[in-house]
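This report refers to the structure that appears directly beneath it.
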Amino acid sequence: MAELASALKNSGYQFLWIVRSTEMPKLPPGFTAETANQGLVMTWCPQLQVLAHEAVGCFVTHCGWNSVQEAISLGVPVVAMPQWTDQGTNAKYVEDVWRIGVRARPESGHREEDQKDGNIIGSNAIERCIKEVMEGERGKEMKRNCLRWRNLAKEAAGEGGSSDKNIDDFVAQLSSACSVSVPNPKS
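Put into C-alpha cells, the structure is as follows:
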C-alpha cells in the first residue's frame, strides 16, 4: 500500500484511488493531506463512469477480468498489478497480446523489505509504469491500441456484430435441439 501511495504521489499525475474502508488505515500517515491538490482517495466509485471520462489517462488495476474488459471497452491504457488467480494471465494479455498496458513487476533488493518478500512491487517500478503509459511514444502506441480494441469491442457487441450473431445462433441451436419455436425479438 505504501509503495503504491508513493508512486502515485511521485508520478506528478492527478489520481483517483479507490481504497476499501478496511484498508484505509494502511495508507501512509498524512498521505491524503499531502496529496489533496493532486489526488482523491475514496472508498468507492462508479468505475465504469470514471473510466469513461476523457480525463482518465490510465487505469492501475489488479487485472480482474471485469476490470480489464471495462478498460478495453472504454479505451483506457492499463498499469497491471495482478495478485492471484486469472489476474496474471489477464495482465500478460494486457501487456503482450493486446499491447494496451504494462505490468508492474517486483524489484529485487531496492529496499530491505523487498529482499524478504519478492512479491513487493516497489514504488519506483510502479511510477515508471505509470509514466510509461502516460508519456512518450510507447504510451501513445498503447493508447492507439486501446482505441483500436475499443472499436472492435463496440463492433462485436453492436447489432450485426459477432456477439449479436453468436447469440442468434445459440438461440437457433437451442430452439432446434428443444424443438421449440422461439420468436426472434428483432422481427
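Going left to right, the sequence shown walks through residues 69 to 255 as our numbering numbers them. Idealized CB from N, CA, C, for every residue including glycine.
Sequence-distant partners of G226 (beyond 5 residues in either direction) whose C-beta falls short of 8 Å from its own C-beta, in its chain, are D232. Taken through DSSP and simplified to helix, strand or coil, M92 comes out as helix. For V118, the enclosing alpha helix (DSSP H) covers residues 115–120. As DSSP reads the structure, R171 sits in a beta bridge with A148. In this structure, the CA atom of W112 is about 23 Å from the CA atom of N158.
For I189, no alpha helix (DSSP H) segment is defined, and its DSSP state is neither H nor E. The C-alpha of Q155 is placed about 7 Å away from the C-alpha of H130. Excluding five sequence positions before and after A139, the CB atoms of its chain that fall closer than 6 Å to its own CB belong to F127, V146, given in chain order. Annotated as proximal: V170 and V201, with beta-carbon spacing under 8 Å.
Measuring C-alpha to C-alpha distances from A172 to each of V165, Q117, N187 identifies N187 as the nearest. Per the coordinates, the alpha-carbon of K222 lies some 43 Å from the alpha-carbon of G98. Under the Cβ criterion (8 Å, minimum of three pairs), the region 77–87 counts as touching the region 190–204. The Cβ atoms of P96 and A75 lie no closer than 8 Å to each other. Leaving aside the five residues that flank N78 on each side, the residues in its chain whose CB is nearer than 8 Å to its CB run, in chain order, S191, E195.
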